[in-house]
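Same order as they appear, the protein sequences are chains A, B, C and D. Residue 186 in the numbering used here sits at position 186 of the first sequence; the count goes up by one each step and never skips. Residue 1183 in the numbering used here sits at position 183 of the second sequence; the count goes up by one each step and never skips. Residue 2045 in the numbering used here sits at position 45 of the third sequence; the count goes up by one each step and never skips. Residue 3075 in the numbering used here sits at position 75 of the fourth sequence; the count goes up by one each step and never skips. Where is the CB? At the ideal position from N, CA and C, for every residue including glycine. Before any comments, here is the structure.
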Amino acid sequence: MNKSHITKMVLLVLTTISFMAALYLIFFYVPTELSMGVVQRIFYFHVPVAWIALLSYVVIFVSSIMYLRKRSKTWDTVAIAAAEIGFIFTTAFLVTGSIWAKPAWGVWWTWSPRLTSALVLWFIYVAYLTIRAYTQGDDRKARFSSAVAIIGFIDIPIVILSISLWRTQHPSALIFEGGLTPPMLLTLQICILAFTLLYVLILIQSIQINRSILKVRDLRRLKEMNEG
Amino acid sequence: MVTKAPALSDGPIISVKGLTRTFNDFLALRGIDIDIGAGEKVAVLGPNGAGKTTLLKVLSSAITSSSGEVTIRSTRLKDKDPEVRRYIGVVSHQTFLYQELTAYENFTFYCRMYDVSDREERIREIIDRIGMMPRLHDRVSNLSRGMQQRLSIGRALLHRPEILLLDEPDTGLDWHALSSLWDIINREDGINRTILFTTHNLSRACTLSNRVVIMNKGKIVHDIAGSGLDAGNIEEIYSRLTGGIE
Amino acid sequence: MDNLGYLFAAFAVIWAVVFGYILVLMNRQKKLKRDIEKLETDIRQN
Amino acid sequence: MNYFRKVSAIVWKDALSEMRTREIVFSVLVFALLVLVIFNFAFGADETAMNSIAPGILWVTFAFAGVLSLNRSFVQEKENGCFEALTLCPVGRDAIYVGKMLSSLVFMIIIEIITLPVYSFLFNLNVLSFEIIIITLLATIGFAAVGTLFSALAVNTRVREMVLPILFLPVVVPLLICAVNASGDALAGESWGDLFSWLMLIIAYDVVFVVASYLVFEHALEE
């Protein structure tokens, strides 16, 4: 048990350090963007949150395929953990996106390619959580969620492509707009590193919690059998 | 106390080694080992939850096994080869019939799914034998439970399976109807059919089969064939091993 | 709300979400640890 | 090849039970026509507004009509354990998927064949052009491909009518976007060149999701 405890400690330290570095870079190092002014600094947290939302779905996709092949419950616990985190980060992305849209475009919501794709991604997460909530029986619940996750994951690139084709008539680089000066790029990379480390830490913690939920259920069944 | 029944032909037509099956952490089958020779008529007894239906579902390849080896006609079910199902007929609690279609249409559909070449004659032959000729073109939803059970048994015989798995075939049928159907199931066009059926009725188990297997809590607790087969003896063993008859 | 206010609001949301979720995970874990201990003692007794 | 005989047997069975109950085509058709009429009430007064959102109305109608007919597709299999009976036939689950998908496709196309003329009658737009028919056909293949898999999942859940739209609609968003834009261009009399990019995306979507649903269906529905 202590091996995973150590890794968690190391991760915690690394995450804290990188977050402090990120905050320093955002508020002191990087120059203010000319057109949008200071509010543009939301960008340095906004993009990593989107990155985590997408990364989570990759994790769900991989663990779903592994579950359908191996049918072992551990892969399913990984998928549940990643789904929860991914859904929360996608929601955070939409909220901060609209907070950013207000000063930038004077309206709480615009159908910009990035925000629209994020909204569809949000609904794909809802689809995953819905099938998981409404299916009975562990094995069937895991199998059905894996199916929805795989189809949902394949849908994401096509969603992004068709939305960008629809909104801007040319498929532009959606997440990483061009024109980032070197300091801006450095800050962004550090922020993404910080969020990724945080993500791995939360994911490990959440997986362990899901495993112990299963353990509690087994112990409860064992108790019933002894009494029964 | 498990006495091995002699296998009738060369290898067993069904061989099960160390079969386990779990449903959401409930161990439905806890290590089943049994060999069934071609032509054997095996009755499977046991209280509810003993795993009878699960065993039948695994053998019919409706569900996969959690561990262990199941070989039917020397093909391993694990290889997921659909062809092995050609030799298996299944009668389950559910009738497997489409409510909105007529008996004739249901049988035509299943004949096409099982590639039955002489479809028309086969359907007429089976319908006539199960005594459903007058109701051939009635919708299944308009038929009584007993008639649907007859159709369900007829459906399982359409493709002349060598192995027949019946899950409590006596539900919805009175004794007379079941025994008349039993002759059909047995003597059907010259196939010495291997039959595995589950039932709660001990006397029927003895009269209809030449081997009785008793299951309890996911394991085979008794397997006796031939001479030992009389209702009294079985009843005594059954109540001793499974704690009483429901 | 001038621009700085929006900046603060956006960061506040992200931090709130992150720490909120960590808190949720922590008390889930506490509750589970309690359940496991209670169940293990029960099982050990009978 | 007996694979196609099995697939055609499933399609034949679905068609037969549909003719018998007229459950899917009739009820969904009434729904589609009602939606068109309601849109007409909502936007009928303003001619220009009507034309600009005409393709949107068409595809909202088709999307929801699609969901309704897909909701019914596995109901027959759910009664009397017929889905298990299908898996006991000497054929892979993939043939079951292809069979059910084709029958859903046929039902949806029948609904569209009737809805389109009524649409062009109500909205006096020439919707029966060759381009629109091609777009509709291609998009419906995508609907049927994803819809059949999701309806097989949804039919085994508790609140089946509610689960299917939540699963189905987000995944067909790209299809809807492309179809609406392509139909808009087609209605505006654009040449094939402009429709090309949208059609390519729809075709890519169809290919990707027929294959993906085909594979996932086999594994996800194996007990």
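Kindly list the residues whose CB is nearer than 6 Å to the CB of residue i, restricted to its own chain and excluding five residues on each side of it in sequence; keep chain order.
| i | result |
| --- | --- |
| B:ASN1106 | LEU1097, TYR1098 |
| B:THR1198 | VAL1044, LYS1052, ASP1167, GLU1168 |
| B:GLY1190 | none |
| B:THR1095 | GLN1148, SER1152 |
| A:ILE60 | ALA79, ALA82, ALA83, ALA149 |
| D:VAL3091 | LYS3006 |
| D:THR3136 | GLU3112 |
| D:GLU3077 | PHE3083 |
State yes or no: is the C-beta of residue i within less than 8 Å of the C-beta of residue j?
| i | j | result |
| --- | --- | --- |
| D:CYS3178 | B:MET1113 | no |
| B:LEU1196 | B:VAL1091 | no |
| A:ILE202 | A:TYR57 | no |
| A:VAL255 | A:PHE89 | Residue 255 of chain A lies beyond the range of chain A shown here (1 to 228); nothing can be said about it. |
| A:LEU55 | A:PHE87 | no |
| B:ILE1279 | B:ILE1014 | The shown model of chain B, from 1001 to 1246, leaves out residue 1279 of chain B, and the question about it has no answer. |
| D:LEU3128 | D:LEU3116 | yes |
| D:LEU3036 | D:LEU3122 | yes |
| A:PHE144 | D:ALA3220 | yes |
| B:ARG1030 | B:SER1066 | no |
| D:VAL3028 | D:ALA3085 | no |
| D:MET3101 | D:ALA3145 | yes |
| B:ASP1025 | A:ARG221 | yes |
| A:ILE190 | A:SER18 | yes |
| D:PRO3170 | A:ALA53 | no |
| B:LEU1136 | D:SER3017 | no |
Using only alpha-carbon positions, find the residue among the options that is nearest to residue i.
| i | options | result |
| --- | --- | --- |
| A:PHE93 | A:ARG114, A:VAL13, A:THR77 | A:ARG114 |
| D:THR3140 | D:ASN3126, D:GLU3222, D:LEU3176, D:PHE3130 | D:LEU3176 |
| D:TYR3214 | D:ILE3111, D:ASP3094, D:LEU3201 | D:ASP3094 |
| A:ARG69 | A:ILE160, A:ALA147, A:LEU219 | A:ALA147 |
| A:LEU165 | A:PHE19, A:SER117, A:ARG220, A:PHE123 | A:SER117 |
| B:TRP1182 | B:GLU1235, B:LEU1059, B:ALA1028, B:THR1207 | B:THR1207 |
| B:LEU1218 | B:VAL1140, B:ASP1138, B:ALA1050 | According to the sequence shown, residue 1218 of chain B is Gly rather than Leu. Measuring from the Cα of B:GLY1218, the nearest candidate turns out to be B:ALA1050. |
| B:ASP1230 | B:VAL1212, B:GLY1089, B:ARG1073, B:VAL1116 | B:VAL1212 |
| B:ALA1062 | D:VAL3216, D:SER3103, D:TRP3192, D:THR3087 | D:THR3087 |
| A:ILE131 | A:ILE80, A:ALA104, A:TRP111, A:ILE158 | A:ILE80 |
| D:SER3197 | D:ASP3185, D:VAL3208, D:GLY3189, D:VAL3207 | D:ASP3185 |
| B:TYR1087 | B:ARG1193, B:SER1239, B:GLU1236, B:LEU1202 | B:ARG1193 |
| C:LYS2030 | A:ALA21, A:GLN205, A:ILE158 | A:GLN205 |
| D:GLU3023 | D:TRP3012, D:SER3073, D:ILE3057 | D:SER3073 |
| D:LEU3125 | D:VAL3106, D:ILE3057, D:VAL3159 | D:ILE3057 |
| C:VAL2017 | A:PHE45, A:ASN210, A:ALA133 | A:PHE45 |
What does a CB cutoff of less than 7 Å around residue i pick up in its chain, not counting 5 residues either side in sequence?
| i | result |
| --- | --- |
| D:PHE3150 | LEU3164, LEU3167, PHE3168 |
| A:THR15 | ALA194, LEU197, LEU198, LEU201 |
| B:PRO1012 | ASP1035, ILE1036, GLY1037 |
| B:ALA1156 | GLY1089, VAL1090, VAL1091, LEU1164 |
| B:ASN1216 | GLY1046, PRO1047, ALA1050, LEU1241, THR1242 |
| B:ARG1122 | CYS1111, VAL1116, LEU1158 |
Under the rule that 16 or more other beta-carbon atoms within 10 Å means buried, what is residue i, buried or exposed?
| i | result |
| --- | --- |
| C:GLN2045 | exposed |
| A:VAL13 | exposed |
| B:ARG1204 | buried |
| D:THR3061 | buried |
| C:ALA2012 | exposed |
| D:MET3001 | exposed |
| B:THR1242 | buried |
| A:TRP100 | buried |
| B:MET1132 | buried |
| A:PRO31 | exposed |
| A:GLU227 | exposed |
| D:LEU3153 | buried |
| B:LEU1056 | buried |
| B:ALA1028 | buried |
For the ligand NAD, is there a heavy atom less than 7 Å away from the beta-carbon of residue i?
| i | result |
| --- | --- |
| A:TRP109 | Because no ligand of any kind appears in the structure shown, any question about the ligand NAD cannot be addressed here. |
Closer than 8 Å by C-beta to residue i: which residues in its own chain qualify, once you throw out the five before and the five after it? Chain order, please.
| i | result |
| --- | --- |
| A:LYS3 | none |
So if I threshold CB-CB distances at 7 Å, which residues from the stretch 1179 to 1204 of chain B count as touching chain D? none
Using a Cβ-Cβ cutoff of 7 Å, what residues of the stretch 3002 to 3035 of chain D are near chain B? List them in chain order. ASN3002, ARG3005, LYS3006, ALA3009, LYS3013, LEU3016, SER3017, ARG3020, THR3021
Residues of the stretch 3082 to 3099 of chain D whose Cβ lies closer than 8 Å to any Cβ of chain B, in chain order: CYS3082, GLU3084, ALA3085, LEU3086, THR3087, LEU3088, CYS3089, PRO3090, VAL3091, GLY3092
Select from the stretch 3144 to 3155 of chain D all residues with a C-beta closer than 7 Å to any C-beta belonging to chain A, and list them in chain order. VAL3146, LEU3149, LEU3153
Of the residues that make up the stretch 3053 to 3080 of chain D, which ones have a beta carbon closer than 9 Å to any beta carbon in chain B? GLN3076, GLU3077, GLU3079, ASN3080
In the stretch 1017 to 1030 of chain B, which residues sit with their C-beta less than 7 Å from some C-beta in chain A, listed in chain order? ASN1024, ASP1025
Going along the stretch 119 to 137 of chain A in order, which residues come within less than 8 Å of chain B, judged by CB to CB distance? GLY137
Proximal residues, the stretch 1082 to 1113 of chain B versus chain D, C-beta separation under 7 Å: PRO1082, GLU1083, ARG1085, ARG1086, VAL1090, SER1092, GLN1094, THR1095, PHE1096, LEU1097, TYR1098, GLN1099, GLU1100, LEU1101, GLU1105, PHE1109, ARG1112, MET1113
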